[in-house]
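Accompanying notes for the structure given below.
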Amino acid sequence: MNTRLLRAFVTLAEKGNYAQAAQALSVSQPALTKQINLLESTLNVALFARGRHGSALTAAGQRLLPEAEKVLRQMAAFMQHASQVEKGGEGLLAAGFGLSSFILAPQCIAKFRAAYPGVDITLEDLPSAQQYDMLQRGELHIGFVRVPPPAPLSYHALFEDKLVLVVSEDNGEDMSERLRNRPLLRLYTERAGGLNAQTDRFLQENLFHVSSVQLAEDIQTIVALVAAGIGVALLPESVVHIAPPELKILPLTGPATRWQVGIAWDARNEDVIRDNFVRMVTENLKAAACI
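Residues in the sequence shown are numbered from 339 upward in steps of one, following my numbering.
Below, the structure is given as structure tokens:
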């Protein structure tokens with residue numbers, strides 16, 4: 339049923355007068371009469387008892403008026419909801435992040451949530467390689483990853499990260515001595531395939547020999563082990579934010595120490611919410627932080 343007819347019914351019931359109702363609806367009085375007649379014919383119910391000075395609701399009209407008002411309210415709410423969905427104001431954004439973006443990603447998500455409170459957001463800690471696959475399968479909408487990603491994913495580079503050596507004390511030993519005298523603390527490959535590959539390239543490029551390796555589940559554990567003097571670690575510079583002040587962060591040089599971090603998405607899938615997020619990040623990113 340055309341909601342225009344229901345609106346005519348409700349307005350005439352409120353005004354009680356065809357002339358006033360027609361004026362409120364911005365239609366002619368004959369047009370309003372036709373709308374009411376069509377609605378009554380469709381329902382096979384007389385809604386109004388016509389009089390010389392106006393129109394009063396019949397018993398049936400009084401019973402049906404609240405339902406008509408409810409339908410119009412629901413339609414208005416539906417249209418508003420549809421408008422929000424069309425603009426990306428409601429829905430879901432599934433995002434992934436990795437080691438290099440574990441500070442940046444939550445900042446960007448918080449800024450986006452403030453701008454789009456109607457969007458439900460999930461944020462999952464995942465290696466870049468797993469994010470690439472999930473983006474192409476539609477399981478993620480956006481990923482903070484190493485860039486460039488494999489085709490056909492689109493991306494925007496945000497900042498450069500680099501390897502640093504994290505030690506419990508700076509006793510003047512060179513890199514070879516540190517790696518020979520203490521275990522190298524690393525994450526399991528399934529947790530940090532990109533970082534481990536970067537570390538291996540750095541070690542091979544500089545012909546460094548590692549005496550022993552100790553694996554851990556997360557960065558926080560590695561940092562704690564380094565602080566306890568159990569070993570040394572090669573970590574992204576971006577994670578030094580969680581390092582206690584007593585740890586020493588030593589810079590490294592060489593092409594194998596650097597990589598680009600950015601956001602990636604699958605542009606083959608249309609998604610207004612994702613596009614809003616990409617636009618926000620690329621337009622508002624300053625000094626590697628969503629501020």
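Even glycine gets a Cβ: it sits at the ideal position worked out from N, Cα and C.
For Ala554, the enclosing beta strand (DSSP E) stretches over residues 551-554. Where Val610 is concerned, the enclosing alpha helix (DSSP H) starts and stops at 610-622. Per DSSP, reduced to three states, the secondary structure at Asp538 is helical.
Less than 9 angstroms separates the beta-carbon of Ala359 from that of Leu370. Comparing alpha carbon positions, the residue from Gln418, Gln400, Val409, Ser379 closest to Leu344 is Val409.
Membership of Arg484 in the beta strand (DSSP E) is indicated by the continuous run 480-485. Beta-bridge analysis with DSSP links Ser492 to Trp603. Of all alpha-carbon atoms in Leu496, Asp471, Thr349, the one lying nearest the alpha-carbon of Ala489 is that of Asp471.
When DSSP states are grouped into helix, strand and coil, Ser364 belongs to the coil group.
As computed with DSSP, Val505 is found in a beta bridge with Lys586. Ser514 and Phe546 have their alpha carbons spaced roughly 6 angstroms apart. The DSSP assignment places 429-435, 457-463, 480-485 as complete runs of the beta strand (DSSP E) inside the stretch 398-486, in order along the chain (cut-off: 3 residues). Looking at the DSSP output, Phe497 shares a beta bridge with Val599.
Between Gln373 and Ala346 a beta carbon distance of about 4 angstroms is seen, short of the 8 angstroms cut, so the two are scored as contacting. Distance from Ile557 to Val577 at the Cβ level is roughly 5 angstroms; contact confirmed, criterion being Cβ atoms closer than 8 angstroms.
Assigned with DSSP and collapsed to three states, Val561 falls in helix. Residue environment analysis places Asp508 among the exposed positions, since fewer than 16 neighbouring C-beta atoms fall within 10 angstroms of its C-beta. Between Ala565 and Pro582 the beta-carbon gap is near 6 angstroms, inside 8 angstroms, which marks them as a contact.
As DSSP reads the structure, Leu344 sits in no beta bridge. Remark: C-beta atoms of Pro465 and Arg529 approach each other more closely than 9 angstroms. Between the beta-carbon of Ile587 and that of Val502 there is about 5 angstroms, and that keeps the pair under the 8 angstroms contact cut. Around the beta carbon of Phe386, 16 or more other beta carbons lie within 10 angstroms, which makes this residue buried. Comparing C-alpha distances from Pro404 to each of Thr349, Ser439, Gln474 shows the shortest one belongs to Thr349. Considering only Leu442, Arg342, Ser550, the residue with the shortest C-alpha distance to Ala495 is Leu442.
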